[in-house]
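*Asks:* My structure is below; once you've seen it, I'll send some questions.
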Amino acid sequence: MAALKTKKAAPAADQKSRRDFIVVATYSMGAVGAGAFAWPLIDQMNPAADTLALASIEVDVSKIAEGQSITLKWRGKPVFIRHRTKTEIDEALRDDALNMRDPQVDSDRVQKPEYLVVLGVCTHLGCVPLGQKVGEVRGEYDGWFCPCHGSHYDSSGRIRKGPAPTNLEIPPYAFLSDEVIKIG
Amino acid sequence: MSANQFKNPVVRWIDHRLPIFSFLNHEATEYPTPKNLNYFWNFGSLAGISLVIMIITGIVLSMNYTAHVDYAFDSVERIMRDVNHGWLLRYIHMNGASFFFIVVFIHIFRGLYYGSYKAPRELLWMLGVVILLLMMATAFMGYVLPWGQMSFWGATVITNLFSALPFVGEGIVTWLWGGFSVDNPTLNRFFSLHYLLPFVIVGVVILHLVALHRFGSNNPLGIDTRGPQDTIPFHPYYTIKDFFGLSVFLTFFAAAVFFFPNFMGHPDNYIPANALQTPAHIVPEWYFLPFYAILRAVPDKLGGVLAMFGAIAVLFILPWLDSSPVRSGRFRPIFKIFFWVFFADCLVLGYIGAMPAEGIYVVIGRVATVWYFLHFLLILPILSVAETPRPLPQSISTPIFGGAGAMAGAAAAPKRKVE
Ligand code: HEM
Ligand code: FES
């Protein structure tokens, strides 16, 4: 009894800090547990396995006449493939040296200069730029024009004017043969 | 009124155990309300009723709606053509969203003019701004549900706003979409959240009312009530006034539903969504236009997004930007002028938001955007110190100087003792 009494009376400060520790440890465990439970609730909104597994597509580009473009759907988004004319390629190369918002030379944006493959998604807020069909406005740089807020892309798909911050994105693709491209 | 004042013994029995009747009596019947409220004070109850209309029509629409990219558009057309009274329910819900915003915007401008955001009602005001944000999120997601061209491209542009954030932006957008573009997972979750958020709004509205009843309504004079001679019981005086206001509101509402149901909509939304083609001219619903104009006024992506959210954020700190002790614009001659300039500025922004972003529209949009922020961040703080307000009346019952008590007698008739 005596021992107990002294122990109780003397190190009161010590007792308090031990209790504090237990309280803090309990709260922390609770927070970790709540966090661990919240994660599945949040992560379920990320792309599901089948969405991620969306197949790649193959396309025969030899059918695209020079100066024409086609639009494909890949992962729910449009992909533009343009068979560029000599003038369009020259314009893109000529402008390589210019000061651009998102500097990139044309040769870094194509695997074969004749075929430009880009995502048809404006890097501003995601509209589909015009310029695919014959007769559509192509903007001031002979590429594409986004009507939503007025972004102009050049014949290499680089942003030249308007609010978009970056060049049209290049999807992963490979030439399976001289004529067939696999996207994705 | 205490429990034993109820005549009905069943009511008395229940109230003793669950004081719901005392509560209602206290907060909705005898609740002392300033006696000088004008018609601008009708819009709070109108907003509440609009919310109820939206929830009721929304629940029954959900019984006939299919949240899938292949069926959504057709299910809405089926509601319009085949479901009994479906056209009516959808047109009420569709126009109801617009009327809800009209009412809430008037309610907000009322608060701005009469200084209802000032102490001690700062939290009441901030809860109101939270409700506005939730309403915007709800309406945005609801507009996506019919899966027309405007639904799809509105959803694409608005979700892409988040891609402007450095580092985390792209990840957030993919997370919002549940894929690599706006698609079926997006539609599903938007439906789920569109169903949920109005009930969250109900919760915040309850907090809004608790905060309101703490100090009671502000009033056109912007001065505190000084006692029973300044107030009248809410029932029957304001219940009847609110009902009158409601009947006027419903007249306009019904006129829109029956005669111009698509006036405030956009014809492109009757074209099914097409992920490969953006409509030539995309515009959001009219109630987002001023914010859309601010977004487009800034030539930088992140800057535009920040300015747009900033336009709402600035409302949160308004109680501290305007530190003038005088609430009502009636007694602030210079503030009054700037208030109307600001009101016009918001209309201009709305107009610019609907116009293509080119030429003179861009210039006007930028000037109006700058003015929007100047009003809050510079003009109001300066006016708080620089303006000399007109003298305030001593109390609501004595608006005329020196005439203390003159009006009190006339107003005493409906007064009753407040516990
Ligand atoms: C704050 C309250 C609400 C607002 C502002 C709102 C707004 C909207 C808007 C703007 C639309 C698009 C109408 C169109 O163009 O067709 C819509 C559609 C829809 N809403 Fe709501 N809503 C609200 C509450 C609710 C609730 C509580 C539910 C369900 C319980 C609901 C269920 C639906 C359904 C099923 C649709 C699709 C059918 C249609 O498009 O007409 N809504 N909502
Ligand atoms: S989405 Fe293309 S310019 Fe805004």
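Protein sequences, first through last, are from chains A and B. Per my numbering, the first sequence starts with residue 32, numbered consecutively. Per my numbering, the second sequence starts with residue -9, numbered consecutively. Glycine residues also receive a C-beta, built at the ideal position from the N, C-alpha and C atoms.
Quick check: what's the CA-CA separation for D209 of chain A versus V147 of chain B?
*Replies:* Looking up residue 209 of chain A in the first sequence gives position 178. Looking up residue 147 of chain B in the second sequence gives position 157. D209 of chain A and V147 of chain B: Cα-Cα distance of roughly 37 Å.
*Asks:* Return no unless some Cβ of chain A is closer than 8 Å to the Cβ of G395 of chain B.
*Replies:* Taking the second sequence and counting its residues from 1, one reaches residue 395 of chain B at position 405. Only weak support is given to the placement of G395 of chain B: the predicted model assigns it a pLDDT of 44, under 50, and the value that follows is read from those uncertain coordinates. Cβ-Cβ to chain A under 8 Å: no for G395 of chain B.
*Asks:* Among B:F130, B:P289, B:G355 and B:F243, which one has its Cα closest to the Cα of L36 of chain B?
*Replies:* Here residue 36 of chain B is taken as the residue at index 46 of the second sequence, counted from 1. Nearest C-alpha to L36 of chain B: B:F243.
*Asks:* By the DSSP assignment, the alpha helix (DSSP H) with Y184 of chain A in it spans what residues?
*Replies:* Mapped onto the first sequence, residue 184 of chain A falls at position 153. No alpha helix (DSSP H) holds Y184 of chain A; the beta strand (DSSP E) holding it covers S182 to D185.
*Asks:* Please classify A62 of chain A as buried or exposed, where buried requires at least 16 neighbouring CB atoms within 10 angstroms.
*Replies:* Sequence index remark: in the first sequence, residue 62 of chain A carries index 31 (1-based). Looking at its Cβ environment, which holds fewer than 16 other Cβ atoms inside 10 Å, A62 of chain A is exposed.
*Asks:* Compute the Euclidean distance between the alpha carbons of Y146 of chain A and P257 of chain B, then round it to the nearest angstrom.
*Replies:* Here residue 146 of chain A corresponds to residue number 115 of the first sequence, with the count starting at 1. Here residue 257 of chain B corresponds to residue number 267 of the second sequence, with the count starting at 1. Answer to the nearest angstrom: the Cα atoms are 38 Å apart.
*Asks:* Taking R106 of chain A as the query, report the chain B residues whose CB atoms sit under 7 Å from its CB, ordered along the chain.
*Replies:* Position 75 of the first sequence, counting from 1, holds the residue named residue 106 of chain A. Within chain B, the residues near R106 of chain A are F170 and S171.
*Asks:* Across the segment 188 to 206 of chain B and the segment 299 to 312 of chain B, are there enough close Cβ pairs to call them in contact, namely three or more that are closer than 8 Å?
*Replies:* Short answer: they don't touch.
*Asks:* For E348 of chain B, which residues does DSSP report across the bridge?
*Replies:* As a first step, residue 348 of chain B must be located in the second sequence, where it is residue number 358. None; E348 of chain B has no bridge partner.
*Asks:* Throw me the rounded Cβ distance for the H83 of chain B and L51 of chain B pair, which I believe falls under 8 Å.
*Replies:* The count along the second sequence starts at 1 and reaches residue 83 of chain B at position 93. The count along the second sequence starts at 1 and reaches residue 51 of chain B at position 61. The pair is a contact, with the Cβ atoms about 6 Å apart (cut-off 8 Å).
*Asks:* State the DSSP-derived secondary structure class of S250 of chain A, mapped to helix, strand or coil.
*Replies:* With chain A running from 32 to 215 in the structure shown, residue 250 of chain A is simply not present.
*Asks:* Within 10 Å of its beta-carbon, does W115 of chain B have 16 or more other beta-carbons around it, so buried, or fewer, so exposed?
*Replies:* Sequence index remark: in the second sequence, residue 115 of chain B carries index 125 (1-based). W115 of chain B should be labelled buried.
*Asks:* With 16 as the cutoff for other CB atoms within 10 Å, does Y58 of chain A come out buried or exposed?
*Replies:* Looking up residue 58 of chain A in the first sequence gives position 27. Counting Cβ neighbours within 10 Å, Y58 of chain A comes out exposed, since fewer than 16 surround it.
*Asks:* How would you label V148 of chain A, buried or exposed, when you count the other beta carbons within 10 angstroms and need 16 or more for buried?
*Replies:* Counted from its first residue, the first sequence places residue 148 of chain A at position 117. Buried, since its Cβ has 16 or more Cβ neighbours within 10 Å.
*Asks:* Would you mind reading off the limits of the beta strand (DSSP E) that contains V92 of chain A?
*Replies:* For the purposes of this step, residue 92 of chain A is taken as residue 61 along the first sequence, with counting starting at 1. No beta strand (DSSP E) holds V92 of chain A; DSSP gives it neither H nor E.
*Asks:* N150 of chain B and N26 of chain B - do their beta-carbons sit closer together than 8 Å?
*Replies:* By 1-based counting over the second sequence, the position of residue 26 of chain B is 36. By 1-based counting over the second sequence, the position of residue 150 of chain B is 160. No, the pair does not count as a contact, with Cβ atoms beyond the cut-off.
*Asks:* Can you pull the chain B neighbours of H114 of chain A, defined as C-beta to C-beta under 9 Å?
*Replies:* Indexing the first sequence from 1 puts residue 114 of chain A at position 83. Under the 9 Å cutoff, chain B gives no residues; its nearest Cβ is about 19 Å from H114 of chain A.
*Asks:* On the criterion of 16 or more Cβ atoms from any shown chain inside 10 Å, does A303 of chain B qualify as buried, or is it exposed?
*Replies:* By one-based count along the second sequence, residue 303 of chain B stands at place 313. Exposed, by the Cβ-count rule.
*Asks:* Is N130 of chain A near the ligand HEM, in the sense that its beta carbon is under 7 Å from a heavy atom of that ligand?
*Replies:* For the purposes of this step, residue 130 of chain A is taken as residue 99 along the first sequence, with counting starting at 1. Every heavy atom of the ligand HEM is 7 Å or more from the Cβ of N130 of chain A, so no.
*Asks:* Could you check what DSSP says for P223 of chain B in three-state terms: helix, strand or coil?
*Replies:* As a first step, residue 223 of chain B must be located in the second sequence, where it is residue number 233. P223 of chain B falls in the strand class under three-state DSSP.
*Asks:* So for T359 of chain B, helix, strand or coil by DSSP?
*Replies:* Start at 1 with the first residue of the second sequence, and residue 359 of chain B comes out as number 369. Three-state DSSP puts T359 of chain B in a helix.
*Asks:* Note down, in chain order, every chain A residue with its Cβ under 7 Å from the Cβ of P289 of chain B.
*Replies:* Translated into the one-based positions of the second sequence, residue 289 of chain B becomes position 299. Near P289 of chain B (Cβ distances below 7 Å), the residues of chain A are P194.
*Asks:* Can you tell me the Cα-Cα spacing of H6 of chain B and F224 of chain B, whole angstroms?
*Replies:* As a working mapping, residue 6 of chain B is identified with position 16 in the second sequence. As a working mapping, residue 224 of chain B is identified with position 234 in the second sequence. Those two C-alpha atoms are separated by around 24 Å.
*Asks:* Does the Cβ of I284 of chain B have 16 or more other Cβ atoms within 10 Å, making it buried, or fewer, making it exposed?
*Replies:* Against the second sequence, residue 284 of chain B aligns to sequence position 294. Flag for I284 of chain B reads buried.
*Asks:* Please classify C216 of chain A: does DSSP put it in a helix, a strand, or coil?
*Replies:* A query on residue 216 of chain A cannot be resolved here, the shown segment of chain A reaching from 32 to 215 and no further.
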